[in-house]
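Student: I'd like to ask you about the structure that follows.
Chains as they are written, first to last, in this note's numbering: chain A, 40 to 282; chain B, 40 to 282.
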């Protein structure tokens with residue numbers, strides 16, 4: 040069964056309290072870097088895989104996209120998207136990314152923010168996204184960084200006084216299921232190496248045009264407690280590819 | 040001054056005792072993966088930056104290259120290359136990678152094995168390699184992986200009984216000088232993020248065509264003590280790019 044933690048009331052409440060949920064893109068530490076890798080949306084049809092609250096769909100339409108489809112497994116997410124980011128050009132659909140049929144050459148850009156580490160196979164998605172893109176189309180996504188997911192618990196290794204000693208990496212080349220502590224609950228994620236992310240794209244036929252490990256925006260470094268630790272290890276990976 | 044540890048007698052003796060020095064390419068755990076990213080050398084002129092004992096120059100010529108130039112900062116390395124891997128098509132030259140003049144469009148392929156983490160700037164090299172390649176030419180190199188170099192000492196975090204607990208990552212986004220323990224000596228290396236390696240290539244004008252974190256060859260996993268730990272964190276990064 041597909042992981043659908045986000046439809047559990049308590050977990051969703053906690054997710055809704057995150058800065059990126061309340062403030063949208065401005066509250067997402069990586070947005071200033073993700074934005075740089077996005078194409079010119081003018082006249083484009085855009086697909087957002089795992090759209091969450093719909094912030095990216097809205098951004099695409101506000102920057103020229105003529106249509107955006109956001110899909111998400113969680114009914115609660117789709118509900119919030121329809122409340123917060125409804126626009127006539129946007130359609131939100133509640134379904135699993137794995138169940139979408141990816142019609143051929145139906146989109147000019149496919150985006151996905153922090154979703155693929157919940158999916159067991161990335162290669163499958165690459166093939167489907169490739170098929171659904173028009174020639175020259177863009178595929179831009181963020182995921183949790185392999186350095187972040189490798190060991191499993193997604194926690195700093197702590198010293199005797201609870202201080203963050205360093206980030207532990209282990210089992211890097213053993214891909215697959217991990218149980219991470221996220222928002223106070225056990226959440227299943229899938230670890231993949233950087234090699235797999237990049238080579239699944241190549242195998243599907245993509246050219247890789249951007250690879251960025253985002254650093255927090257300078258203003259967040261000063262204002263958000265603990266944000267300086269984000270400079271100690273990469274937490275996210277953003278990749279841009281072209282059909 | 041450029042790091043030239045390899046001309047110190049004791050250090051060089053220890054380096055010469057490594058499997059990759061004695062057995063050449065067959066003794067290098069990453070060779071089976073690096074080889075896959077190399078182009079067809081037939082008729083090519085090849086430049087090897089930091090050629091060491093000359094194993095890669097020899098391989099290129101034995102696979103069709105009409106000329107190979109290997110440069111290395113260490114006179115001892117060049118001496119061994121001339122002893123072990125001399126062929127009429129190969130020229131070895133003792134000089135720093137940074138001091139080579141990289142004549143325009145002089146080479147069809149540029150290779151480099153485990154050298155660039157000794158250099159302070161990677162962007163400079165990218166520009167120079169781009170200039171010296173013919174259009175369509177290949178640039179294939181390996182470096183120590185950013186996960187391996189980030190923290191500095193390049194050692195496992197040890198448990199109370201000296202066992203390898205996990206690999207520590209810290210200071211990832213603080214690029215620059217590190218002092219690592221290598222072959223029993225302190226060696227200066229330069230940490231760079233994956234983002235820098237890839238984007239310096241893009242900035243120079245390259246297309247990135249391959250990104251691989253090599254895993255040890257299966258037969259080495261069984262036969263070499265400690266090799267299984269190489270599956271616990273990435274140690275090397277191999278990148279292929281095209282002009």
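Note that beta-carbon positions come from the ideal geometry of N, C-alpha and C, so glycine has one too.
So, with DSSP's three-state summary, where would you put residue 57 (chain B)?
Tutor: Correct three-state label for residue 57 (chain B): coil.
Student: Are the C-beta atoms of residue 259 (chain B) and some chain A residue less than 8 angstroms apart?
Tutor: no
Student: Under 8 angstroms between C-beta atoms, does residue 31 (chain B) make it to chain A?
Tutor: No answer is possible for residue 31 (chain B): it lies beyond the span of chain B, which begins at 40 and ends at 282.
Student: Whose C-alpha, out of A:147, A:102, A:271, A:139, is nearest the C-alpha of residue 111 (chain A)?
Tutor: Looking only at A:147, A:102, A:271, A:139, the smallest Cα-Cα distance to residue 111 (chain A) is reached by A:139.
Student: Since residue 111 (chain A) sits in a beta bridge, which residues does DSSP pair it with?
Tutor: A:133
Student: Relative to the alpha-carbon of residue 208 (chain A), which residue among A:214, A:220, A:189 has its alpha-carbon at the smallest distance?
Tutor: Nearest option by C-alpha distance: A:189.
Student: Taking residue 99 (chain B) and residue 177 (chain B) to be in contact with their CB atoms under 8 angstroms, please state how far apart those CB atoms are, rounded to whole angstroms.
Tutor: In fact, because the Cβ distance is near 11 angstroms, the residues do not count as touching under 8 angstroms.
Student: Determine, using beta carbons only, whether residue 280 (chain A) comes closer than 8 angstroms to chain B.
Tutor: no
Student: Give me whichever residues DSSP pairs with residue 230 (chain A) in a beta bridge.
Tutor: A:215
Student: For residue 40 (chain B), does the three-state DSSP call read helix, strand or coil?
Tutor: Reliability fails at residue 40 (chain B), whose pLDDT of 45 lies under 50, so the model's placement of it is uncertain and the value that follows must be treated cautiously. Three-state DSSP puts residue 40 (chain B) in coil, outside helix and strand.
Student: What residues from the segment 266-277 of chain A come within 7 angstroms of chain B, judged by C-beta to C-beta, listed N to C?
Tutor: Of all residues in the segment 266-277 of chain A, 270, 271, 272, 273 have a Cβ within less than 7 angstroms of some Cβ in chain B.
Student: Quick check: the Cα distance between residue 74 (chain B) and residue 249 (chain B), rounded to an integer number of angstroms?
Tutor: 12 angstroms
Student: Quick check: is the beta carbon of residue 69 (chain B) nearer than 8 angstroms to any beta carbon in chain A?
Tutor: no
Student: If you measure beta-carbon to beta-carbon, which residues of the segment 188-211 of chain A are closer than 8 angstroms to chain B?
Tutor: 189, 190, 196, 204, 205, 206, 207, 208, 209, 210, 211
Student: Give a yes or no on whether the minimum CB-CB distance between residue 246 (chain B) and chain A is below 8 angstroms.
Tutor: yes
Student: State yes or no: is the C-beta of residue 167 (chain A) within less than 8 angstroms of the C-beta of residue 146 (chain A)?
Tutor: no
Student: Taking CB distances under 8 angstroms as the criterion, tell me whether residue 55 (chain B) reaches chain A.
Tutor: no
Student: Taking C-beta pairs closer than 9 angstroms, name the residues in chain A that residue 237 (chain B) reaches, listed in chain order.
Tutor: 247, 249, 250, 251
Student: To the nearest angstrom, how far is the alpha carbon of residue 267 (chain B) from that of residue 153 (chain B)?
Tutor: 21 angstroms
Student: Interface residues of chain B around residue 263 (chain A) at Cβ under 7 angstroms?
Tutor: What residue 263 (chain A) touches in chain B: nothing, since even the nearest Cβ is about 16 angstroms away.
Student: Which first and last residues belong to the alpha helix (DSSP H) in which residue 94 (chain A) is found?
Tutor: 94-101
Student: Please list, in chain order, all residues of the same chain as residue 51 (chain B) whose beta carbon is under 7 angstroms from its beta carbon, the five residues on each side excluded.
Tutor: 45, 115
Student: I think residue 185 (chain B) touches residue 148 (chain B), with their Cβ atoms under 8 angstroms apart; what is that distance to the nearest whole Å?
Tutor: Wrong, their Cβ atoms sit about 25 angstroms apart, outside the cutoff.
Student: Ordered along the chain, which non-local residues of its own chain (more than five positions away) have a Cβ less than 8 angstroms from that of residue 244 (chain A)?
Tutor: 169, 282
Student: Return the Cβ separation of residue 105 (chain B) and residue 132 (chain B) in integer angstroms, given the expectation that the two are a contact with Cβ distance under 8 angstroms.
Tutor: Between residue 132 (chain B) and residue 105 (chain B) the Cβ distance is about 18 angstroms, and since that is not below 8 angstroms, they are no contact.
Student: Of all the CB atoms in chain B, is at least one closer than 8 angstroms to the CB of residue 233 (chain A)?
Tutor: yes
Student: Are the C-beta atoms of residue 182 (chain B) and some chain A residue less than 8 angstroms apart?
Tutor: no
Student: Can you pull the chain A neighbours of residue 186 (chain B), defined as C-beta to C-beta under 7 angstroms?
Tutor: 186, 208
Student: So which residues of chain B does residue 128 (chain A) contact, with C-beta pairs closer than 7 angstroms?
Tutor: Near residue 128 (chain A) there are no residues of chain B at all, since even the closest Cβ is about 32 angstroms away, more than 7 angstroms.
Student: From which residue to which residue does the alpha helix (DSSP H) around residue 75 (chain B) run?
Tutor: 70-76
Student: Expressed to the nearest angstrom, what Euclidean distance is found between the alpha-carbon atoms of residue 227 (chain A) and residue 122 (chain B)?
Tutor: 56 angstroms
Student: Is it buried or exposed for residue 218 (chain B), if we count other Cβ within 10 angstroms and need 16 for buried?
Tutor: exposed
Student: Could you round the C-beta distance between residue 247 (chain A) and residue 277 (chain A) to whole angstroms and report it? I think they count as a contact, below 8 angstroms.
Tutor: 12 angstroms between Cβ atoms; not a contact.
Student: For a test of the three-state rule: what should DSSP assign to residue 170 (chain A), helix, strand or coil?
Tutor: helix
Student: What residues of chain B sit near residue 177 (chain A), judged by a beta carbon separation below 8 angstroms?
Tutor: In chain order: nothing, as chain B lies at least about 15 angstroms away.
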